[in-house]
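There are 2 protein chains.
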Amino acid sequence: MGRGTMKGGVGVKLEGIGVPTLLVDEGKVRRNISAMAEKAERCGVRFRPHFKTHQSREIGQWFREVGVRAITVSSLTMARYFADDGWDDITVAFPVNLREVDLINDLASRIHLNLLAVHPETVRSLEAGLRAPVDLLVKVDSGYHRTGVDPDDTPTLERFAEELAACRRVRFRGILTHAGHSYKARSLDRILAVHRQSLDAMARAKDVLASRYPDLEVSVGDTPTCSVADDFPGVDEIRPGAFVFYDLMQFRIGACRLEEVAMVAVCPVVARHPDRGEVVIYGGAVHLSKDAVEGPDGRPVHGWVTELDEAGWKTPTGCCSVSAVSQEHGIVRACPEHLERMRVGDLVAVVPVHCCLTANLIGAYRTLDGRVISRL
Amino acid sequence: MGRGTMKGGVGVKLEGIGVPTLLVDEGKVRRNISAMAEKAERCGVRFRPHFKTHQSREIGQWFREVGVRAITVSSLTMARYFADDGWDDITVAFPVNLREVDLINDLASRIHLNLLAVHPETVRSLEAGLRAPVDLLVKVDSGYHRTGVDPDDTPTLERFAEELAACRRVRFRGILTHAGHSYKARSLDRILAVHRQSLDAMARAKDVLASRYPDLEVSVGDTPTCSVADDFPGVDEIRPGAFVFYDLMQFRIGACRLEEVAMVAVCPVVARHPDRGEVVIYGGAVHLSKDAVEGPDGRPVHGWVTELDEAGWKTPTGCCSVSAVSQEHGIVRACPEHLERMRVGDLVAVVPVHCCLTANLIGAYRTLDGRVISRL
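Here the protein sequences line up with chains B and R, keeping their order. Sequential numbering from 1 applies to the first sequence in the UniProt record's numbering. Sequential numbering from 1 applies to the second sequence in the UniProt record's numbering.
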């Protein structure tokens with residue numbers, strides 16, 4: 001597992017870090033992966049993890065090692081990246097974009113490709129453009145109200161059934177939802193309420209289609225409900241993604257413990273302003289993103305700041321946080337004790353608000369033992 | 001200028017656009033560059049544009065064509081990218097990061113490199129690590145309160161003067177500020193008030209240092225004040241950056257007209273929800289960023305949406321805006337007339353809130369005639 005130096009007590013290797021860098025604790029990532037894989041097995045559902053969070057072939061390999069064979073991505077570009085690494089059962093969990101029909105055909109000729117539709121009309125256009133078979137999942141809006149078919153819109157679901165019955169290349173595989181409204185939860189009870197309500201919506205949608213398509217699959221997946229729920233009645237597969245790293249948002253929601261957060265952004269301190277209780281780090285909106293959670297004073301917080309130590313980083317307590325970001329600057333509001341210890345030239349760790357966006361911005365990972373892991 | 005096809009009336013070339021794409025109107029960009037260059041000349045100040053916005057060698061060339069020879073960047077990585085393209089007078093307008101001393105030495109041996117310090121102690125560390133000469137600017141906090149020396153903190157300014165007098169490789173070039181509080185303005189009067197207050201602060205700081213360093217330069221620069229002000233008393237150079245493209249934020253501040261916005265994100269429509277007045281576009285937080293301006297109802301707006309036309313894109317009116325973004329999805333709240341016309345598979349244009357962040361995320365430009373322009 002490449003952690004020999006950690007076990008030997010040599011500690012985290014930070015040599016050569018001069019710019020904002022994603023530090024990944026491979027042990028924590030592998031534990032997050034194993035825990036979710038075991039839960040899926042225990043609950044009798046397929047584990048089709050969302051790879052949009054890490055977007056890395058090497059981290060994908062860690063999923064292979066616990067038996068994962070089917071994955072989710074959020075763009076055709078990502079699907080190609082992973083197909084080129086041997087993944088051959090990929091769901092693109094984004095409404096099918098017919099402007100990329102050439103890439104769809106390329107992928108469909110090589111792998112088992114699962115696409116998503118929100119509108120029955122799209123099925124006909126897709127069928128007309130395809131040169132190889134694909135499976136199709138109808139996106140159902142289980143309460144998030146981003147996109148998808150209302151589960152109680154029986155006429156639209158029936159039009160889907162009709163359109164799909166007429167297709168030769170598009171096979172009707174199932175219904176899919178993303179209960180993204182779980183991100184508004186701030187307690188286990190609220191997450192579980194979203195979970196139950198979402199599964200109930202999926203059951204209603206499936207009922208409409210069951211007479212013509214008795215074997216339709218039900219696919220759900222968002223990190224909060226998949227992290228918290230222990231029962232997935234009526235579900236065939238789960239597709240969580242952010243659990244691989246977790247982050248401050250997931251902690252706030254109640255989906256993880258801070259000790260499970262497996263990735264931080266390591267940033268150099270470049271200025272100190274003790275008079276106003278702040279330090280400035282090289283780490284801004286182009287590294288952390290502008291995503292925010294609400295701080296105790298109601299103002300946005302763009303990450304929690306903590307110290308690096310021999311084992312990686314200390315569990316943050318929230319006493320130091322990123323209170324503002326411009327393009328390259330981050331402003332850290334620090335408690336007096338930490339402020340005193342943060343000197344210009346030091347490195348600090350930032351637990352990001354939203355791991356998917358921070359990982360996308362910084363673009364490569366470094367393990368605790370100093371190995372670089374690339375991503376798309 | 002590569003716009004022959006436009007003049008010929010053939011119109012914007014959108015063929016092959018399948019994913020979120022930055023569309024740049026070269027004519028508008030060149031007009032924005034010329035206007036700022038002419039203003040600098042008229043006002044008797046050096047024009048040292050900030051290249052962090054476009055980060056493109058080709059667009060840098062358009063600046064060369066109006067006589068620009070000195071530039072600003074916000075990281076040493078960016079400095080190297082432009083130094084490798086022949087730029088030989090570069091200011092890194094970010095507190096000097098001593099963790100990158102090897103890159104500093106590499107650049108200092110090749111070009112005229114100007115660095116920034118916030119703390120007198122940093123000057124000594126920098127001097128100790130240097131193998132080639134650099135110029136140094138002291139960062140002054142003229143009211144933004146991100147970082148910099150208080151202009152009325154005479155002891156610190158005098159310590160800078162002493163430290164710099166003892167240096168062999170670090171030459172004291174001047175004082176620099178970024179009046180980023182201009183971004184809170186929402187009227188010309190407020191922008192001009194920030195401008196006057198900022199220049200006054202710089203004059204006070206310069207006074208402290210003038211007896212020992214009579215030739216110190218004064219460098220200022222933020223797009224709102226540089227766009228609006230017509231007089232820069234006591235200033236030697238201006239460093240605006242975002243004016244090259246402008247954006248919705250700059251329009252809201254009062255720094256530009258919407259007709260001057262020179263870059264949009266072109267995004268495919270992937271779903272429609274007429275019942276709630278919304279369409280879904282392929283264009284989310286990993287394309288537009290999560291930056292926002294406040295909408296009329298107090299809720300965040302992540303961009304204004306408009307139609308593409310033969311000349312590029314129509315000037316938006318605000319009747320259609322991006323009301324939410326997740327990783328790849330954007331939700332557009334649309335007026336009934338535009339909603340009716342936006343069909344799945346169409347392309348729409350999004351005027352971004354913050355051009356620097358959107359350009360950083362999408363990562364390459366396409367001109368109206370379909371040419372691709374790369375960036376760092």
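A virtual CB, placed ideally from N, CA and C, is assigned to each residue, including glycine. It should be emphasised that the depicted structure is a prediction, and the values quoted were computed from it without experimental measurement.
- Query: So which residues on chain B does Val305(R) lean against when the C-beta distance must stay under 7 Å?
  - Reply: Here the premise fails: no neighbours, minimum Cβ distance about 16 Å.
- Task: Provide the residue(s) that pair with Ala272(R) in DSSP beta bridges, ordered along the chain.
- Result: The question names Ala, but residue 272(R) in the sequence shown is Arg. Looking at the DSSP assignment, Arg272(R) forms a beta bridge with Val279(R).
- Item | Classification of Ile362(R) by the beta-carbon crowding that lies within 10 angstroms, buried from 16 upward | Flag for Ile362(R) reads buried.
- Query: Got a sec? Which residues, its chain only, sit under 7 Å from Thr367(B) by beta carbon, not counting five neighbours each side?
  - Reply: Here the set comprises Gly2, Val24, Glu26 and Ile373.
- Query: What is the DSSP secondary structure of Asn114(B), counted as helix, strand or coil?
  - Reply: Of the three classes helix, strand and coil, the one that applies to Asn114(B) here is strand, per DSSP.
- Could you tell me whether the Cβ of Arg146(B) comes closer than 8 Å to any Cβ of chain R? Chain R has a Cβ within less than 8 Å of the Cβ of Arg146(B).
- Message: Can you give me the C-alpha to C-alpha distance between Leu288(R) and Pro224(R), rounded to a whole angstrom?
- Response: In this structure, the alpha-carbon of Leu288(R) lies about 21 Å from that of Pro224(R).
- Query: In the region 34 to 119 of chain B, which residue ranges form an unbroken beta strand (DSSP E) of at least 3 residues, counting only runs that do not cross its ends?
  - Reply: The DSSP assignment places 71 to 73, 89 to 95 and 112 to 117 as complete runs of the beta strand (DSSP E) inside the region 34 to 119 of chain B, in order along the chain (cut-off: 3 residues).
- Task: Flag Arg3(R) as yes if its beta-carbon sits less than 8 Å from any beta-carbon of chain B, otherwise no.
- Result: Note that Arg3(R) scores a pLDDT of 32, beneath 50, so its modelled location is shaky; the value from the coordinates is reported in the next line. No, Arg3(R) lies away from the interface with chain B (no Cβ there is under 8 Å from its Cβ).
- Would Val220(R) count as contacting chain B if we go by Cβ distances under 8 Å? No - not a single Cβ of chain B is within 8 Å of the one on Val220(R).
- Have a look at Ala311(R) and Tyr365(R) and give me their C-alpha separation to the nearest angstrom. Between the C-alpha atoms of Ala311(R) and Tyr365(R) there is a straight-line separation of about 17 Å.
- Query: Looking at the C-beta of Cys356(R), does it have a partner C-beta in chain B at a distance below 8 Å?
  - Reply: Chain B has a Cβ within less than 8 Å of the Cβ of Cys356(R).
- Amino acids of chain B, ordered along the chain, whose beta-carbon sits closer than 9 Å to that of Thr77(R): Residues of chain B passing the Cβ test: Val19.
- Task: Could you pull out every residue in the same chain whose Cβ sits closer than 7 Å to the Cβ of Arg69(B), ignoring the five residues on either side in sequence?
- Result: Listed in chain order, the non-local C-beta contacts of Arg69(B) below 7 Å within the same chain comprise Asp89, local neighbours out to five positions each way being set aside.
- Rounded Cβ spacing between Leu188(B) and Val228(B) (contact assumed at less than 8 Å): So it is a contact: roughly 6 Å between Cβ atoms.
- Message: Considering only DSSP beta bridges, list what Ile175(B) is partnered with.
- Response: Per DSSP, Val138(B) and Val218(B).
- Just how far apart, CA to CA, sit Asn105(R) and Arg276(R)? In this structure, the CA atom of Asn105(R) is about 58 Å from the CA atom of Arg276(R).
- Query: CA-CA distance, Pro151(R) and Ala205(R)?
  - Reply: Distance between the alpha carbons of Pro151(R) and Ala205(R) is about 5 Å.
- Query: Where do the N-terminal and C-terminal ends of the beta strand (DSSP E) with His329(B) fall, by residue?
  - Reply: Counting along the chain, the unbroken beta strand (DSSP E) around His329(B) starts and ends at His329 to Arg333.
- Task: Could you pull out every unbroken beta strand (DSSP E) segment of at least 3 residues lying fully inside the region 185 to 254 of chain R, listed in chain order?
- Result: Taking 3 residues as the shortest admissible run, the region 185 to 254 of chain R contains the following complete beta strand (DSSP E) segments, listed from N- to C-terminal end: 217 to 220.
- Message: So, at 8 Å on beta carbons, what are the nonlocal neighbours of Phe94(R) in its own chain, with the 5 sequence-adjacent residues on each side left out?
- Response: Listed in chain order, the non-local C-beta contacts of Phe94(R) below 8 Å within the same chain comprise Ser74, Ser75 and Leu116, local neighbours out to five positions each way being set aside.
- Task: Determine the direct distance from the alpha carbon of Leu113(B) to that of Arg171(B), and round the result to whole angstroms.
- Result: Cα to Cα, Arg171(B) sits roughly 11 Å from Leu113(B).
- Query: Does Tyr246(B) have its Cβ less than 8 Å from a Cβ in chain R?
  - Reply: The beta carbon of Tyr246(B) sits no closer than 8 Å to any beta carbon of chain R.
- Message: What does the alpha-carbon distance come out to for the pair Arg186(R) and His119(B)?
- Response: Rounded to whole angstroms, Arg186(R) to His119(B) spans 42 Å at the Cα level.
- Are the CB atoms of Val293(B) and Arg252(B) nearer to each other than 8 Å? Going by C-beta atoms, Val293(B) is nearer than 8 Å to Arg252(B).
- Query: Among Trp87(B), Ser56(B) and Thr77(B), which one has its Cα closest to the Cα of Gly67(B)?
  - Reply: Ranking the options by Cα distance to Gly67(B), first place goes to Trp87(B).
- With 16 as the cutoff for other CB atoms within 10 Å, does Ala201(B) come out buried or exposed? Looking at its Cβ environment, which holds 16 or more other Cβ atoms inside 10 Å, Ala201(B) is buried.
- Item | Cα-Cα separation between Val12(R) and Thr315(R), rounded to whole angstroms | Cα to Cα, Val12(R) sits roughly 15 Å from Thr315(R).
- Message: I'd like to know whether the C-beta atoms of Ser109(R) and Ala132(R) end up nearer to each other than 8 Å.
- Response: A contact, by the Cβ cut-off of 8 Å.
- Message: Within 10 Å of its beta-carbon, does residue 400(R) have 16 or more other beta-carbons around it, so buried, or fewer, so exposed?
- Response: Nothing can be reported for residue 400(R): it is not among the residues displayed for chain R, which extend from 1 to 376.
- Message: At the level of alpha carbons, what is the spacing between Ala349(R) and Ala271(B)?
- Response: C-alpha separation (whole angstroms): 39 Å.
- Where does Arg371(B) sit, in a helix, a strand or coil, going by DSSP? Correct three-state label for Arg371(B): coil.
- Message: Please identify the residue among Met36(B), Leu248(B), Val244(B) and Thr154(B) whose C-alpha is closest to the C-alpha of Ala203(B).
- Response: With distances taken between Cα atoms, Ala203(B) lies closest to Thr154(B).
- Message: Quick check on Glu294(B): does DSSP put it in helix, strand or coil?
- Response: Strand, per DSSP.
- Residues near Thr147(R) by beta carbon distance below 6 Å, same chain, minus five either side: Result list for Thr147(R): Val118, in chain order.
- Cβ of Asp215(B) less than 8 Å from any chain R Cβ? With 8 Å as the cut-off, Asp215(B) does not count as an interface residue toward chain R.
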